Amino acid sequence: MLKLTLVCMLASLALAQHNPQWWGNRNTIVHLFEWKWADIAQECEDFLAPHGYAGVQVSPVAENIISEGRPWWERYQPISYKLITRSGNELEFADMVRRCNDVGVRIYVDVLLNHMSGDWVGTAHGTGGSVAEPGSKSFPAVPYTAQDFHPSCEIYDWNDRFQVQQCELVGLKDLDQSSDYVRKQLIEMLDHLITLGVAGFRVDAAKHMAAADLDYIYSNMRDLNTAHGFPNNARPFIYQEVIDHGHETVSRDEYTPLGAVTEFRFSEEIGKAFRGNNALKWLQSWGTDWGFLPSDQALTFVDNHDNQRDGGQELNYKSPKQYKMATAFHLAYPYGISQVMSSFGFDNRDQAPPQDAQERIISPEFDADGACTNGWICEHRWRQIYNMVGFKNTVRGTDLTNWWDNGDNQIAFCRGSKGFVAFNNNLYNLSEHLQTCLPAGEYCDVISGNLVNGACTGKSVTVDGNGYGYISIGAEDFDGVLALHTDARL
Ligand SMILES: *[C@@H]1O[C@H](CO)[C@@H](O)[C@H](O)[C@H]1NC(C)=O
């Protein structure tokens, strides 16, 4: 009996790491890739909180190696756990977390538990002034020495558990998480961030670490900081990067008891559908029937900072019409823990974020419509995306009903009696009288416009006493989606 109680306690502790600790009815995370801490703090106050974003995934916080040309991936090569990067220092980080929490926006940190930096000839210099000799696995600023790492070897068989978990991912020095000393360093680093008020962690390269070692590390982290508004005994939210397209030796299922897992199959399939390579009518069964993880274990995204650069089926900002439709579907359909990507523009895979002549990251600037101008894409500021974040907040807790499709690439559905959405990915017009499930009235389509001073700047739809409305999405319209909800009623 005692044993059973213990098992139940451990199980409930682990499940607690699935709770994103959102505030109010909010439920979408945005990844502000490579943003500076001071800019994120401002964005929480000026934009994210007013538009109902629940949280921000921030780029890695630990001091990283300075690499020629400052490619974005240098942030994934730590050389110490000092909180000094091109995004800012510890004071700026702490100020950001405080200010974002104060307006109900949570901070999740992308953490690197798997490895330190990769090979380097001679002495490597870090963003905080530390030095290291990665070639001999010497990182005195932690300190780590060669005995804290797995012996060097290459991953050439991605279905060999030993190689995947103990060899070096693209040459990055592979920490031995079974070592007490390494565990202690990692737990102290996570505890430090929790003390500063973060709500959880995106665990980079989780698949490359044994689940049992991660379980030990997570289980020994402290609870969230009540001084930042978290309840007593609240556990950090954990979402783990596990790329599993099926039939992999190291499976995503090993990690779901510990926290949520990035669902890469979602990203691939939603891209395929909205690129026109799979009819939208099939999306009626979207979710676990597609082989995806259970909804509350799946961290979902149309694209992330890695696969937006890889040229696969995944969509990115460079195909804006399809990208906005896929994002609207992502946020309208009741499945997954949603994350929206916010990118900087790139022409090649390695490109640095917008920076000045001194290689300092520059702050985003905004035009009169609030769009970013100077190299930052800011998908999260696109009306079609931030208004769907609002849609998702409004319809939270409702079921999907009244699925409609034309047998091809036109679909529509309701979310309870609070929201309605329609998509046209055919090369001909959608014009139908459809059940919207909404109370009678006139509604603003939050894709083509905003409700401003009681008037809609885009299309509006009149819903009759039976819930029907005339829905029109021309094949040539600027956007291929239309969305109505009860908080945008005229
Ligand atoms: C499609 O809709 C547009 C307006 O969105 C209209 O101008 C056009 O005539 C329509 N085409 C057909 C074939 O009905």
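According to my numbering, the stretch in the sequence shown is residues -16 to 473, in order.
Don't be surprised by glycine CBs; every beta carbon is placed ideally from N, CA and C.
Note that the structure is predicted; figures quoted are calculated from it, not measured.
| Check | Outcome |
| --- | --- |
| D382 Cβ short of 7 Å to ligand 1 heavy atom set | no |
| Residue burial classification, K301 (beta-carbon count within 10 angstroms, cutoff 16) | exposed |
| Own chain partners of S278 with C-beta closer than 7 Å, once the 5 adjacent residues on each side are dropped | G270, Y318, G319 |
| Near ligand 1: G463 beta-carbon under 7 Å from a heavy atom | no |
| G452 versus A438, E137, C420, I430, residue with shortest Cα-Cα distance | C420 |
| Alpha carbon of L276 to alpha carbon of L266, nearest angstrom | 16 Å |
| Secondary structure of C83, DSSP reduced to three states | helix |
| Near ligand 1: G7 beta-carbon under 7 Å from a heavy atom | no |
| Rounded separation between P422 and C397 - CA only | 12 Å |
| Inter-residue spacing [alpha-carbon to alpha-carbon] between L96 and S63 | 12 Å |
| Distance cut-off 7 Å: N412 Cβ against heavy atoms of ligand 1 | yes |
| C-alpha gap between N299 and D286, whole angstroms | 6 Å |
| Residue from A466, V92, G274 with nearest C-alpha to F76 | V92 |
| As assigned by DSSP and simplified to three states, the class of T68 | strand |
| Within 8 Å, strictly: CB atoms of F406 and M308 | yes |
| Contact under 8 Å by Cβ, Y201 with G259 | no |
| Straight-line Cα distance separating K304 from Q367 | 10 Å |
| Counted within 10 angstroms of its Cβ, other Cβ atoms place Q130 as buried (16 or more) or exposed | exposed |
| Beta-carbon spacing of H228, L152 below 8 Å | no |
| Proximity to F122 [Cα-Cα], best of A107, H133, K401 | A107 |
| Cβ neighbour criterion (16 or more within 10 Å) applied to L176 | buried |
| Alpha helix (DSSP H) segment containing T377, residue limits | 366 to 377 |
| Three CB pairs or more closer than 8 Å across the segment 228 to 239 and the segment 203 to 215 | no |
| Residue of D174, G38, D29, L465 minimising C-alpha distance to G402 | L465 |
| Whole-angstrom distance between A124 and H288, CA atom to CA atom | 28 Å |
| C-beta contact flag for R185 and Q40 at 8 Å | yes |
| Candidates Q160, T68, G448, I454: closest to D428 by CA position | I454 |
| Local conformation of T(-12) per DSSP, three classes | The pLDDT assigned to T(-12) is 46, lower than 50, so where the model puts this residue is not dependable; a value taken from the coordinates is nonetheless given after this. Reduced to three states, the DSSP call for T(-12) is helix. |
| Buried versus exposed call for E246 [16 or more other C-beta atoms within 10 Å across all chains shown] | buried |
| Beta-carbon gap between H34 and Y369 smaller than 8 Å | yes |
| Reduced DSSP secondary structure (H/G/I, E/B, other) of N433 | coil |
| Distance cut-off 7 Å: G457 Cβ against heavy atoms of ligand 1 | yes |
| Three-pair Cβ contact test at 8 Å for the segment 42 to 58 versus the segment -2 to 7 | no |
| D29 Cβ short of 7 Å to ligand 2 heavy atom set | By its list of ligands, the structure shown excludes ligand 2, since it contains just ligand 1. |
| Proximity of S113 and E57 at Cβ, strictly below 8 Å | no |
| Minimum C-alpha distance to S161 - residue among E297, W365, R248, H191 | H191 |
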